[in-house]
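Asks: Below you will find the structure I want to go over with you.
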Amino acid sequence: ALRSRSGRSIINGNWAIDRPGRYEGGGTMFTYRRPNEISSTAGESFLADGPTNEVLDVYMIHQQPNPGIHYEYIIPGDNVISPQLIAHRRPGEPLNGQLGMPESTSHEDEDLHRETDILTGQSAGTFPVIQPGRFPSHQPENQVPAMQPPRQNREHNWKQVGKTECTTTCGKGSQYPIFHCVNRITHEEVPEGYCDSSTKPIPEEEACNLFPCPAFWDIGEWSECSKTCGLGMQHRQILCRQIYANRTLTVQQYRCQHLEKPDTTSTCQLKICSEWQIRTEWTSCSVPCGVGQRTRDVKCVSNLGDIVDDEECNMKLRPNDIENCDMGPCAKSWFLTEWSDRCSAECGDGIRTRSVVCMTNHVSSLPLEGCGNNRPLETTPCNNGPCAGKVEWFAGGWTQCSTECGSGTQQREVICVRKTEGNFDVLDPYECSYLEKPPSQQSCYLKPCGSKWFHTEWSTCSKSCEGGFRVREVRCLSDDMAASTQCDPQLKPEEKEPCNTQDCVPEIDENCKDKYYNCNVVVQARLCVYTYYKTACCASCTRVANRQPGFLGRR
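When we follow my numbering, the leftmost residue of the sequence shown carries the number 187, and every step to the right adds one.
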């Protein structure tokens, strides 16, 4: 986070994370970048051309070990060297007591670059400015030079015959002097064994090729395309960099003006956007009368004609694939309740019942012949198993609710019995202890009298295969068959359910034939999406469509 000393947040303030971009503060404009956007930078970064006009503080919060903060800054310097002198000196040679810096085209001031590691507080790399007559000494202050014996008492001695090659061609490298054993008089090289190894000078590192390397454009990686399909934009960071002392530093952009600056933005297109296609017309209404539903097939199709996931298309533009349809009031329909839960007999044969009523568009009772002779059954057989010799709990009928409305209680007798031929023998409750005893008391709540849910028969399925749906009409009626709102919504029967979920078996059309011998080429070229080829090569296109659902498109 970046904040001024006055407490004003510039980037990522008040525990909120800002988007990467440009933010003004401290008298300059900061560019805020996130990881993986600049190939040569790890972690988040703030970059500004400066200069700043106030002190700015950088804050960092971390849950892992402190990664530290690395920063670079530029301050003006007066280390200006005449271009005429640079042309007549050798690389690494002192110039008027100073080391040469690269020529500035039209600027009076050179830049002094520094890098500092916050964790250690030590300099990580500098452009050295050496005062006249002063050069770096590599002799430790606490080291006393070894005493050399009088040379006239030795026939051989150590002599510097040259230097190693500089480790770099520019930007401050290093080299070492080379010492060989020679004859003191003839200066001819001899094996090193002729010289005293303890007197051999220790090669010390010397700086070389101190002039900075030419500046270059450091090109970052392209950002992700702004759009997943269609024409979008992508961006990348371009920095002017310069290498010195094995460190790559950011410098002002005029140092790279001799090079053409690469583009920072570019158009991009990952793929052509898919589009919605209506594959079928509306189906017929799901009910012959009343309010039902109708459907149509809507698919997301790629530019190649393939059916793809709906997410590939703009969901806001998706055409409706289902809508209500009103076929007018139903003249006559049978309405019926669900079957009762309990069988009329605890054991042996019994029946379950339901209510059946004939209704028209206005809710009222009609003579039974009003709906025809196909009246649904009101009873159905049931059997809970043989009764002879069976030991079981026998529960009597519930008493009336203790209150006429609201919550109350009901009581009933529960006894242990054994059924014999035509009789019941009452047993000790212990004989039925291994069976779960029915409750002898329960709570009750009286609703407004007699309101129940009635429904029609299910309609025919909207599709014969691959999943359709069917519907029915559900109404709440009171005892006098008048419309009511007193039914429990949680007990309302379903008005719609899926049906015919099995796969479709393709029908064989005798008129569907290939008119050309090379229809396999049409299939390979994926031309079956066009109506002409779909008709001319009907058999081949149909076979592929059956193997690969979604292969055929519509044009």
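Note that beta-carbon positions come from the ideal geometry of N, C-alpha and C, so glycine has one too.
#1: Using 10 angstroms around the beta-carbon of R656, count the other beta-carbons present and answer buried if the total reaches 16, otherwise exposed.
#2: Can N510 and Q479 be called in contact, C-beta distance under 8 Å?
#3: Any contact of the region 674-689 with the region 646-655, i.e. 3+ C-beta pairs under 8 Å?
#4: Let me know if M215 comes out buried or exposed under the rule of 16 or more other beta-carbons within 10 Å of its beta-carbon.
#5: Rank C367, V708, E351 by C-alpha distance to the C-alpha of Q361 and give the top, closest one.
#6: If I measure Cβ to Cβ from E659 and keep anything under 6 Å in the same chain, skipping five residues before and after, which residues do I get?
#7: Can Q455 and L417 be called in contact, C-beta distance under 8 Å?
#8: For G514, which residues of its own chain have a beta-carbon under 7 Å away from its beta-carbon, when the five flanking residues on both sides are left out?
#9: Using C-beta distances below 7 Å, list every residue in its chain close to D204, excluding the 5 sequence neighbours before and after it, in chain order.
#10: If I follow the unbroken alpha helix (DSSP H) through T717, where does it start and stop?
#11: Pop quiz: P387 and W344 are said to be a contact at Cβ under 8 Å. What is the actual Cβ separation, rounded to whole angstroms?
#12: What residues in its chain sit with their C-beta under 7 Å from that of Y702, if we drop five residues either side in the sequence?
#13: Starting from the Cα of W644, find the closest Cα among I458, T436, V473, I537 and give me that residue.
#14: Figure out for me which residue from Y718, Q688, T687, V691 has the closest Cα to the Cα of D700.
#15: Within the present structure, is the beta-carbon of E497 separated from the nearest heavy atom of the ligand NAD by less than 7 Å?
#16: Looking only at C-alpha atoms, which of R340, C442, I458, G536 sits nearest to I371?
#17: Does the region 605-621 come into contact with the region 570-581, if we say contact requires no fewer than three beta-carbon pairs (one atom in each stretch) closer than 8 Å?
#18: In terms of residues, what are the limits of the alpha helix (DSSP H) holding C705?
#19: Sort out for me which residues DSSP pairs F402 with in a bridge.
#20: In angstroms with no decimal places, state the Cα-to-Cα distance between V730 and V709.
#21: In terms of residue numbering, what span does the beta strand (DSSP E) encompassing V691 cover?
#22: Just to confirm before moving on: does the CB-CB distance between N560 and C533 stay below 8 Å?
#23: Could you tell me if L663 is buried or exposed, where buried requires 16 or more neighbouring beta carbons within 10 angstroms of its beta carbon?
#24: For D611, does the three-state DSSP call read helix, strand or coil?
#25: R189 bridges to which residues according to DSSP?
#26: Does the pairing of the region 415-430 with the region 446-455 give three or more beta-carbon distances under 8 Å?
#27: So P684 is in the beta strand (DSSP E); what residue range does that whole segment cover?
#28: Based on the DSSP output, what are the partners of F216 in its beta bridges?
#29: To which residues of the same chain is W639 closer than 7 Å at the C-beta, ignoring the five residues directly before and after it?
#30: Determine the DSSP secondary structure at V730, reduced to helix, strand or coil.
#31: Can you tell me where the beta strand (DSSP E) holding P363 begins and where it ends?
#32: Smallest Cα separation from G254: which of I261, I260, M246?
#33: My guess is that S192 and L242 are in contact by the Cβ rule of under 8 Å, so how many angstroms apart are they, rounded?
#34: In chain order, what residues of the same chain lie with their CB nearer than 6 Å to the CB of G379, ignoring the 5 residues before and after it?
#35: Which residues does DSSP list as the beta-bridge partners of D449?
#36: Just how far apart, CA to CA, sit D527 and N697?
Replies: This is what the structure gives:
#1: R656 comes out buried.
#2: In this structure, Q479 lies closer than 8 Å to N510 by Cβ.
#3: yes
#4: exposed
#5: E351
#6: So the qualifying residues of the chain are G476, T642.
#7: yes
#8: Within the same chain, and ignoring the five residues on either side of G514 in sequence, the residues whose Cβ sits closer than 7 Å to its Cβ are C475.
#9: The answer, listed in chain order, is I197, N198, Y218.
#10: 717-722
#11: Rounded, the Cβ-Cβ distance is 6 Å, consistent with contact.
#12: Sequence-distant Cβ neighbours of Y702 in its own chain, meaning closer than 7 Å and more than five residues away, are A722, C723.
#13: V473
#14: Y718
#15: What this structure holds is no ligand at all, so the ligand NAD is not there to describe.
#16: R340
#17: Yes: at least three Cβ pairs fall under 8 Å.
#18: 705-710
#19: Note: F402 sits in a beta bridge opposite R427.
#20: 8 Å
#21: First-last for V691: undefined, no H or E at that position.
#22: no
#23: buried
#24: strand
#25: S195, D243
#26: yes
#27: Looking at the DSSP string, the run of the beta strand (DSSP E) that includes P684 is 682-685.
#28: Y209, A234
#29: T523, V660, C662, C673, L677, K678, P679
#30: helix
#31: 363-369
#32: Checking every option, the nearest Cα to that of G254 belongs to M246.
#33: No, S192 and L242 are not in contact; Cβ-Cβ is about 10 Å, not under 8 Å.
#34: none
#35: According to DSSP, D449 bridges with nothing at all.
#36: 54 Å
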